[in-house]
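Residue numbers (our numbering), protein chains in the order written: chain P, 45 to 121; chain U, 353 to 699; chain Z, 0 to 167.
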């Protein structure tokens, strides 16, 4: 395998593996938020906002993976 | 919805169009490679300032936003109508949103957070306008020969020659160019991807948020203003959040060291906020653009669901950027100074 | 950084762009709209308070009116009742008068009848006495002392007692 192939595989793995954890996390957050909304529909507005903020924090990890992937893929280091 | 026969006819017609296009215009996914560039391409230089598609789109966003602001508030009336109604509805919704997040301090943060929201929202949506990112020029480098003598813009290298009187190409419009590019990269593949592509597709419009400078600028402003508001509210005491040597100097070694460590963690997370703000917006919009392009070159109606997804993502990213800014500002202005990592844990 | 596209001039352009938009929107939108919203809120509150006041006034008036109506109704009722009472009284009075009159007439008639009967009885008695005296005279043939015989018959009759005493 030449260096270019290794680089592309590394870039794919960087984002691919980084997406697993946030995927699970976002699923958990959404499920918790939906349960809470089901129990307490009046609080749905605040819950939605809080849910999005939570999702964003989980998603940040995937974004870091994406950044690393971009850095590798575009030969930044 | 699925019982609606018209919808089925529309879907089947779209598929048919897709098949026809695929049969008669065999584009290749290689064309995508030409347009996906992290760094925006330069269209022309204004003085010494290089103008990129993202800058151009930003100017459009600016004009649109200011025009909307101007025309909607030109004559304010107690009983609103028309554009004033729209603007007031938007502002009222934003007030409700930020009031629920920033609490009673919302009025202080409102202009920054609302501006971030409107700017990011419009920037994201400009990238979703059909044609943005797919209509543009082919810019040729030094090694290709450009011929403008007989009123045509041409480019040429060892293998191909393509001309267009206008010099405007639609992405995928010039298969010969794509093949050239493909050959070129194949020739270079031993040395890696061509380091300096000599011909590149340059779209006229691109979502400003897909240029890393725009999210970075907003992130810098957001984090900087958070510090400013924190200091306005708490004075110099605000900095004990990051540099808390109080207990260490009093002689309480164990807790003092913990305080110092917490301060360092807080400082790092504060700096990292810039990174996460920047790459969250940039990553989402850029990835969305790439996905839409790839899907567009795979099959005709495939981008449709992704277009809907990107429409949603564009809004969510604007929402999240503004809401997070408001939340961080609230944490910074809250009375308890050195609160460790609780800011992120709370929200 | 360079390959990611970070470029100082573009970054500065975006920063300036944001700050420009921030100030323009602040000037054109946020201040006037927030002011307008505040003004409208105040106006709505004022008009709500006014509406409440008007409503309260209306309710008061309504109550007043109802009270007056009630009074009038009650008055009318009492008037009707008293009129009825008076009529009843009048009726009673007239009835009583009529009865009295009837009674009087009846009494008068009875008295007259009584009187006549008594008269008739006394007349009858007179005639009986006369006839007896006459008969006795004829029977006896002697001329009885008128006064004495009369007394005799009288006594006899009294003893017989017809039940009706003369002059009773």
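Yeah, the Cβ is synthetic: ideal placement off N, Cα and C, and Gly gets one too.
Task: As assigned by DSSP and simplified to three states, the class of residue 397 (chain U) - done: strand
Task: Minimum Cβ-Cβ distance from residue 611 (chain U) to chain Z less than 8 Å - done: no
TODO: Apply the 10 Å Cβ neighbour rule to residue 360 (chain U) and answer buried if 16 or more other Cβ atoms are within range, or exposed otherwise.
DONE: exposed
Task: Cβ-based burial, residue 405 (chain U) [other Cβ within 10 Å; buried from 16] - done: buried
- [ ] Give the straight-line distance between the Cα atoms of residue 457 (chain U) and residue 466 (chain U), rounded to the nearest whole angstrom.
- [x] 14 Å
Task: Span separating the alpha-carbon of residue 92 (chain P) from that of residue 675 (chain U) - done: 12 Å
Task: residue 657 (chain U) in three-state terms, based on DSSP - done: helix
Task: Under the three-state DSSP convention, the category residue 371 (chain U) falls into - done: helix
Task: Min CB distance residue 546 (chain U) to chain Z below 8 Å - done: Below a pLDDT of 50, predicted positions are generally treated as unreliable, and residue 546 (chain U), at 38, falls in that range; the measurement from the model is reported next regardless. For residue 546 (chain U), the answer is no, since every Cβ of chain Z falls outside 8 Å of its Cβ.
Task: Residue nearest to residue 439 (chain U) in terms of C-alpha spacing, selected from Z:83, Z:17, Z:149 and Z:35 - done: Z:35
Task: Rounded separation between residue 356 (chain U) and residue 11 (chain Z) - CA only - done: 52 Å
Task: Sequence-distant residues of its chain with Cβ nearer than 7 Å to residue 563 (chain U) (five each side left out) - done: 392, 404 and 406
TODO: Under 8 Å between beta-carbons, which chain U residues line up against residue 97 (chain P)? List them in chain order, please.
DONE: 672, 675, 676, 679 and 699
Open item on the list: Would the stretch 66-84 of chain P count as touching the stretch 633-642 of chain U if we require 3 or more Cβ pairs under 8 Å?
Closed with: no
- [ ] Run down chain U in chain order and give the residues with a C-beta less than 7 Å from the C-beta of residue 107 (chain P).
- [x] 628, 631, 632 and 635
- [ ] Taking the CB atoms as reference points, tell me whether residue 27 (chain Z) and residue 425 (chain U) lie closer together than 8 Å.
- [x] yes
- [ ] Look at residue 423 (chain U) and residue 446 (chain U) and say whether their C-beta atoms are less than 8 Å apart.
- [x] no
- [ ] Could you tell me whether the Cβ of residue 86 (chain P) comes closer than 8 Å to any Cβ of chain B?
- [x] Absent from the structure: chain B. Protein chains present are P, U and Z.
Task: Cross-chain neighbours of residue 43 (chain Z) in chain U, by beta carbon under 9 Å - done: None at all; the shortest Cβ gap to chain U is about 10 Å.
Task: Cross-chain neighbours of residue 368 (chain U) in chain Z, by beta carbon under 9 Å - done: In chain order: nothing, as chain Z lies at least about 40 Å away.
- [ ] Compute the Euclidean distance between the alpha carbons of residue 587 (chain U) and residue 612 (chain U), then round it to the nearest angstrom.
- [x] 20 Å
Open item on the list: Looking at the strands, I want to know which residues DSSP matches up with residue 403 (chain U).
Closed with: U:396
- [ ] Would you mind telling me which residues of chain P sit closer than 9 Å to residue 668 (chain U), beta carbon to beta carbon, in chain order?
- [x] 96, 99 and 100
- [ ] Check whether the Cβ of residue 47 (chain Z) lies closer than 8 Å to any Cβ atom in chain U.
- [x] no
Open item on the list: Between which residues of its own chain and residue 599 (chain U) is the CB-CB distance below 7 Å, once the five residues before and five after are set aside?
Closed with: 607, 608 and 611
Open item on the list: For a contact defined as C-beta to C-beta under 9 Å, what are the partners of residue 25 (chain Z) on chain U?
Closed with: 463 and 467
Open item on the list: Using 8 Å as the threshold, is the C-beta distance between residue 432 (chain U) and residue 485 (chain U) below it?
Closed with: no
Open item on the list: Which same chain residues end up closer than 7 Å to residue 670 (chain U) when comparing Cβ atoms and leaving out the 5 residues on each side of it in sequence?
Closed with: 469, 472, 473 and 476
Open item on the list: Between U:398, U:578 and U:482, which has its C-alpha nearest residue 461 (chain U)'s C-alpha?
Closed with: U:578
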